[in-house]
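As structure tokens, the structure follows; a few thoughts come after it.
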Amino acid sequence: MNRLTLLAAALALTTSAGTAYAQEVSGNVVKIGVLNDQSGAYADIAGKGSFIAAQMAAEAFGGKVLGKPIEIVTADHQNKPDIGSNIVNQWIDTDNVDVVSDVPTSSVALAVQEITKNKNRIHINSGAASSDLTGKACSPTGIHYTYDTYALAKGTGGTLVKEGGDSWFFITADYAFGHALEKDTSAAIVGAKGKVVGSVRHPFPGTTDFSSFLLQAQASGAKVVGFANAGADTINSIKQAGEFGLVAGGQKLAGLLVFLTDVHSLGLKTAQGLVITTGYYWDQNDETRAFAKKFAEKNGGKMPTMVQAGVYSSISHYLKAVDAAKTDEAKAVVAKMKELPINDFFAKNGKIREDGRMVHDMLLVQVKKPEESKGPYDYYKILSVIPAEEAFRPMKAEFGCSLVK
Amino acid sequence: MTQKNASSTVTFLYIALLALAIAAPFFFYPQFLMRALCLALFASAFNLLLGYVGLLSFGHAAFFGFAAYVTGFAAKEWGLPPEVTIVLGALAATVLGLAFGALAIRRQGIYFAMVTLALAQMLYFFCVQAPFTHGEDGIQAIPRGQLFGLLDLNDSLTMYYFVLAMFVLCFLLIQRTIHSPFGQTLKAIRENEPRAISLGYNADRYKLLAFVISAGLAGVAGSLFALVFQIATLNNVHWHTSGEVVLMTLLGGLGTVLGPMVGAFLVAGIQQYLAAFGAWVSIFQGIIFVACVLLFRRGIVGEIIALGQRGPKAEDEKSVASTEPAGAPSTVAP
Amino acid sequence: MEIWAFLGIPPQALFGQLMVGLINGAFYAMLSLGLALIFGMLNIINFAHGALYMMGAFAAYLLLEYAGIGYWPALILAPIIVGTFGMIIERLALKPLYKLDHLYGLLFTFGLALILEGLFRELYGVSGLPYAPPPELTGGYNLGFMYLPTYRGWVVVASVIICIGTWILIEKTKLGSYLRAATENPALVQAFGINVPAMITLTYGLGVGLAAIAGVLAAPIYSVNPLMGSNLIIIVFAVVVIGGMGSILGSVLTGFMLGLLEGLTKVFYPEASNTVIFVVMAIVLLIKPQGLFGRAN
Chain A
137 MNRLTLLAAA LALTTSAGTA YAQEVSGNVV KIGVLNDQSG AYADIAGKGS
187 FIAAQMAAEA FGGKVLGKPI EIVTADHQNK PDIGSNIVNQ WIDTDNVDVV
237 SDVPTSSVAL AVQEITKNKN RIHINSGAAS SDLTGKACSP TGIHYTYDTY
287 ALAKGTGGTL VKEGGDSWFF ITADYAFGHA LEKDTSAAIV GAKGKVVGSV
337 RHPFPGTTDF SSFLLQAQAS GAKVVGFANA GADTINSIKQ AGEFGLVAGG
387 QKLAGLLVFL TDVHSLGLKT AQGLVITTGY YWDQNDETRA FAKKFAEKNG
437 GKMPTMVQAG VYSSISHYLK AVDAAKTDEA KAVVAKMKEL PINDFFAKNG
487 KIREDGRMVH DMLLVQVKKP EESKGPYDYY KILSVIPAEE AFRPMKAEFG
537 CSLVK
Chain B
80 MTQKNASSTV TFLYIALLAL AIAAPFFFYP QFLMRALCLA LFASAFNLLL
130 GYVGLLSFGH AAFFGFAAYV TGFAAKEWGL PPEVTIVLGA LAATVLGLAF
180 GALAIRRQGI YFAMVTLALA QMLYFFCVQA PFTHGEDGIQ AIPRGQLFGL
230 LDLNDSLTMY YFVLAMFVLC FLLIQRTIHS PFGQTLKAIR ENEPRAISLG
280 YNADRYKLLA FVISAGLAGV AGSLFALVFQ IATLNNVHWH TSGEVVLMTL
330 LGGLGTVLGP MVGAFLVAGI QQYLAAFGAW VSIFQGIIFV ACVLLFRRGI
380 VGEIIALGQR GPKAEDEKSV ASTEPAGAPS TVAP
Chain C
14 MEIWAFLGIP PQALFGQLMV GLINGAFYAM LSLGLALIFG MLNIINFAHG
64 ALYMMGAFAA YLLLEYAGIG YWPALILAPI IVGTFGMIIE RLALKPLYKL
114 DHLYGLLFTF GLALILEGLF RELYGVSGLP YAPPPELTGG YNLGFMYLPT
164 YRGWVVVASV IICIGTWILI EKTKLGSYLR AATENPALVQ AFGINVPAMI
214 TLTYGLGVGL AAIAGVLAAP IYSVNPLMGS NLIIIVFAVV VIGGMGSILG
264 SVLTGFMLGL LEGLTKVFYP EASNTVIFVV MAIVLLIKPQ GLFGRAN
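Protein chains in written order, with the working numbering: chain A, 137 to 541; chain B, 80 to 413; chain C, 14 to 310.
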């Protein structure tokens with residue numbers, strides 16, 4: 137059995153290396169692997185919801201592409217790069233997976249990017265934040281779809297400075313993602329003529345008590361306290377900031393990476409007033425609502441996060457590209473994906489750049505007051521739309537992507 | 080069954096296992112086999128300490144994971160060949176083992192377990208902070224390189240046989256240690272430390288040496304792991320990994336030669352096949368722990384040996400198999 | 014005043030951080046007290062202590078969510094529920110392990126912790142569930158050097174009361190003297206007609222109840238999260254090693270002291286705040302291996 141699949145994989149490799157033959161699909165199936173966190177800190181923002189989104193996309197496409205069935209598999213990487221790379225290696229070596237989708241958690245995403253590059257498979261990332269995926273770690277078969285640290289920093293940092301929040305204090309998770317987010321946001325603040333008065337780094341993972349960092353933020357007198365962390369850390373720090381009276385004392389809180397599910401968990405009473413940059417909000421227009429309604433029916437009533445919506449949109453786009461390229465060979469499909477524009481509920485005139493970055497309009501939203509909300513998931517009011525060309529980092533060679541000349 | 084007969088049976092068993100291991104990559108996914116072999120080596124090194132000296136270290140991930148970092152760093156940043164990076168990794172683990180061991184053997188029994196755990200946690204936080212480990216990202220894309228400038232380890236079969244060879248080598252080393260006079264002294268200390276001391280043995284020094292050897296071999300396992308998966312991460316130094324190695328050894332059979340291997344293959348299999356189910360991996364591991372402690376404390380191999388030996392031949396092997404890892408004297412006054 | 018200039022930090026920051034340290038210390042104290050109690054009486058290192066602390070927080074959350082029972086009743090009910098669960102476990106599983114090496118108790122409770130945390134992760138995810146503090150304890154006081162949320166102040170007070178109460182129970186009451194006697198000489202105490210196994214079960218329940226009550230106290234501060242106890246337990250282990258496991262009062266004092274020390278570290282070198290307790294542990298092991306308050310063995 138195992139030998140057979142190995143053989144099949146070997147055959148698939150040799151045939152796909154030939155390319156350019158019309159209508160060829162490796163292994164006679166287009167296999168999509170949704171790899172994400174299904175039990176850890178990011179299980180709610182991606183997790184099973186992303187798997188559901190991918191299945192919906194395949195169904196909407198008719199379940200077949202180029203006459204071959206579309207199959208979706210999923211696994212839990214537990215936010216650990218070694219477990220993630222183990223799974224992806226096996227998916228490619230023995231299970232004939234064509235594309236790896238979602239992959240939140242930057243550390244795992246970077247590992248997957250490396251493997252898919254070496255083994256010529258596609259990696260469409262929706263869940264991870266690191267802008268290195270289209271910088272130093274960019275790949276000819278890697279696409280970063282939904283958001284990145286730069287877009288978050290630009291949206292939230294830049295806007296708040298314009299609104300008068302011109303002095304900042306950062307509470308930063310002490311690891312690569314936190315540092316990147318702080319660096320990008322500082323740049324955006326300075327760019328908008330604001331200043332950073334201080335920052336403190338909290339150990340990651342394992343910090344549950346943020347009170348001492350909050351006291352420092354309070355003492356700094358900064359107008360805005362920025363949280364360059366994610367998931368449970370952000371939830372805890374925002375919650376405790378309320379407790380220590382930061383907001384009551386006139387300081388503004390900026391969660392740099394906050395998802396709809398985080399707001400749900402915090403409750404509006406605590407989260408109200410937060411300014412957030414997001415790639416998608418379910419209650420934006422009829423199209424977004426239509427998708428959200430269908431999704432929520434399958435996901436126990438939970439509305440989609442931007443990551444889950446991004447998975448749906450990116451898989452649909454991928455399937456269209458396979459159809460147009462008449463093959464599932466990675467490079468040919470990516471070329472098509474970059475050629476075709478993206479127009480759906482998620483993105484209007486979105487396009488995938490040479491470096492793999494999908495650029496689309498981002499939303500700047502503010503969390504509603506409890507009395508403004510009509511019920512669960514009615515959480516955001518949209519402050520403004522950040523146009524695609526402003527939202528994302530310009531494509532320049534200095535950011536280290538070898539695909540950009 | 081005569082002694083001679085028994086030993087020829089054992090030799091036959093080893094040869095059969097080796098033949099199986101040589102043929103295995105043609106039937107199973109080599110990456111999985113390599114993972115299991117690394118874990119088996121790790122568990123065997125751990126077993127040397129728990130099974131034969133009766134010391135439960137709850138911080139062995141420190142040696143495994145730190146060696147992985149050192150090997151990964153040396154291979155990636157300095158471009159050193161695998162034979163050198165593995166030695167470096169093992170050396171680093173040995174030095175670390177000396178430092179941890181010197182502190183930890185000052186206490187016994189559960190205290191020893193807690194001290195090793197806390198020390199390992201300290202190293203974990205060091206690895207989180209130190210720039211060379213790249214924190215959460217870990218050291219990625221570690222090159223496997225050319226062994227002795229001749230063998231290209233990027234070929235997965237070549238890598239597999241290299242890992243197998245290293246495993247066999249370390250396995251023989253462990254066997255040699257157990258059966259040497261040094262190993263006999265360790266057993267004597269485990270059975271009755273005050274008596275061993277009164278006989279003039281410096282028990283602490285013996286325990287420390289065993290701890291250091293075990294740490295060094297765990298380091299070899301970690302180094303190989305880094306080269307196989309081309310990644311070295313925090314996960315390898317986390318206390319969950321320390322818990323896993325205890326689980327593998329306990330499941331397979333404490334103080335048995337083949338137990339840790341059996342345990343490692345089973346645990347690696349569970350991780351592989353339950354990977355898609357997230358939290359269930361830990362639930363399942365917990366259930367195995369509980370079942371082992373309550374139902375079969377000898378472990379799988381230990382129970383088999385006990386079954387085969389229900390007879391008069393109740394000497395050496397039996398006493399090992401049936402051991403409640405008695406090293407910690409139950410004399411700790413409440 | 015020169016001293017502040019010399020230290021390079023404003024006094025407000027120092028006092029504020031010490032206060033925060035004291036609050037953390039309150040949790041360390043309650044948890045290490047439970048651990049010391051269980052160890053002292055049962056000779057078992059309860060690795061599941063962190064998971065039981067988590068269950069305490071969940072019990073409060075579930076009581077509110079499904080039965081509408083609020084914070085104050087939960088403070089009593091949660092420890093009883095989780096404590097009963099602990100006693101059932103003790104009866105079914107821990108009891109056969111007493112005659113074996115202590116390590117088996119450690120391994121069993123480790124497995125138990127994995128199962129409990131895994132189950133709650135599977136059922137509730139890990140992003141954490143909200144639990145609001147009771148209305149009487151919202152708001153805060155301006156102490157001049159810091160803004161102290163009322164709830165945090167309550168945690169310190171509650172923890173001191175609980176710790177002293179436990180100490181009195183063990184050292185000054187009849188029940189406590191039976192408990193102590195039962196561990197010193199079970200056969201003799203049994204001969205006096207006291208049910209020793211029941212005493213032991215009760216002790217385990219008491220230790221577990223302490224963990225659960227700490228969990229309820231923690232619920233409004235940290236979100237209720239299946240993994241909230243899994244890292245804490247290791248720190249508490251270190252606290253117990255530093256204090257020495259024999260002494261109940263010792264473990265409480267050590268808990269508060271190390272909380273303060275951690276607070277200080279956060280002022281001067283925050284990056285090391287996770288490690289400082291382990292460094293202290295290493296030093297104590299070098300100088301006084303049996304722990305600060307421990308008896309030599």
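Glycine included, every Cβ here is placed at the ideal spot set by N, Cα and C.
Cα-Cα separation between residue i and residue j, rounded to whole angstroms
i, j, result
"Lys392(B)", "Leu333(B)", "Low confidence applies to Lys392(B): its pLDDT is 45, below 50, so where it sits in the model is not reliable, and the reading given next is rough at best. Each residue's Cα considered, the two are about 20 Å apart."
"Ala428(A)", "Lys510(A)", "17 Å"
"Ile384(B)", "Gln214(A)", "37 Å"
"Tyr157(A)", "Ala468(A)", "The pLDDT assigned to Tyr157(A) is 43, lower than 50, so where the model puts this residue is not dependable, and the model offers no usable value."
"Gln174(A)", "Asp218(A)", "16 Å"
"Lys438(A)", "Ala432(A)", "5 Å"
"Leu215(C)", "Arg425(A)", "56 Å"
"Leu326(B)", "Thr320(B)", "10 Å"
"Leu35(C)", "Val249(C)", "15 Å"
"Pro86(C)", "Ala231(C)", "15 Å"
"Pro506(A)", "Gly378(A)", "15 Å"
"Phe152(B)", "Ala305(B)", "10 Å"
"Asp422(A)", "Ala483(A)", "14 Å"
"Pro477(A)", "Phe137(B)", "55 Å"
Closer than 8 Å at the beta carbon, the chain B residues around residue i
i, result
"Thr288(C)", "Met201, Phe204, Phe205"
"Met67(C)", "Here the premise fails: no neighbours, minimum Cβ distance about 14 Å."
"Phe313(A)", "Glu215"
Beta-carbon neighbours of residue i, restricted to chain A and to distances below 8 Å
i, result
"Ala26(C)", "Leu351, Gln352, Ala355"
"Val33(C)", "Asp345, Ser347, Ser348, Leu351"
Cβ-Cβ separation, residue j to residue i (assumed contact under 8 Å), whole Å
i, j, result
"Cys117(B)", "Val336(B)", "Incorrect: roughly 18 Å between the Cβ atoms, too far for contact."
"Tyr164(C)", "Pro146(C)", "5 Å"
"Ala179(A)", "Val139(C)", "6 Å"
Interface partners of residue i on chain C, CB under 9 Å
i, result
"Glu379(A)", "Pro146, Thr151, Gly153, Pro162, Tyr164, Arg165, Pro233, Ile234"
"Met327(B)", "Here the premise fails: no neighbours, minimum Cβ distance about 13 Å."
Contacts that residue i makes with chain C (C-beta to C-beta distance below 8 Å)
i, result
"Ala192(B)", "Ile58, Leu116, Leu119"
"Ile258(A)", "The contacting residues do not exist; Ile258(A) stays about 29 Å from chain C at best."
"Arg337(A)", "Pro283, Glu284"
Delimiting residues of the beta strand (DSSP E) encompassing residue i
i, result
"Arg134(A)", "Nothing can be reported for residue 134(A): it is not among the residues displayed for chain A, which extend from 137 to 541."
"Ala390(A)", "388-391"
"Pro205(A)", "204-212"
"Asp238(A)", "235-238"
Per-residue contacts from residue i into chain A (C-beta, under 7 Å)
i, result
"Thr312(B)", "Lys216, Pro217, Asp218"
Within chain B, partners of residue i - CB distance below 7 Å
i, result
"Leu246(A)", "Asp216, Gln219"
Range of the contiguous alpha helix (DSSP H) that encloses residue i
i, result
"Ser322(A)", "312-327"
"Ile207(C)", "Here Ile207(C) belongs to no alpha helix (DSSP H), and DSSP marks it neither H nor E."
"Met10(C)", "Lying before the first or after the last residue shown, residue 10(C) is absent from chain C, which here runs from 14 to 310."
"Tyr131(B)", "109-132"
"Ala245(A)", "242-254"
"Asn297(B)", "The identity of residue 297(B) in the sequence shown is Ala, whereas the question assumes Asn. Per DSSP, Ala297(B) belongs to the alpha helix (DSSP H) from 282-308."
"Met68(C)", "62-80"
Interface residues of chain B facing residue i [CB-CB closer than 9 Å]
i, result
"Val254(C)", "Arg186, Tyr190, Met193, Val194, Ala197"
Closer than 7 Å at the beta carbon, the chain C residues around residue i
i, result
"Trp318(B)", "Ile247"
"Gly322(B)", "Phe123"
query = With a cut-off of 8 Å, do at least 3 Cβ pairs link the stretch 117-134 of chain B to the stretch 243-259 of chain B?
reply = yes
ask   = When the Cβ atoms of the stretch 161-175 of chain B are set against those of the stretch 218-229 of chain B, are three or more pairs found closer than 8 Å?
value = yes
request  = Flag this pair as touching only if the stretch 178-196 of chain B and the stretch 250-267 of chain B have three or more C-beta atom pairs under 8 Å; answer yes or no.
outcome  = no
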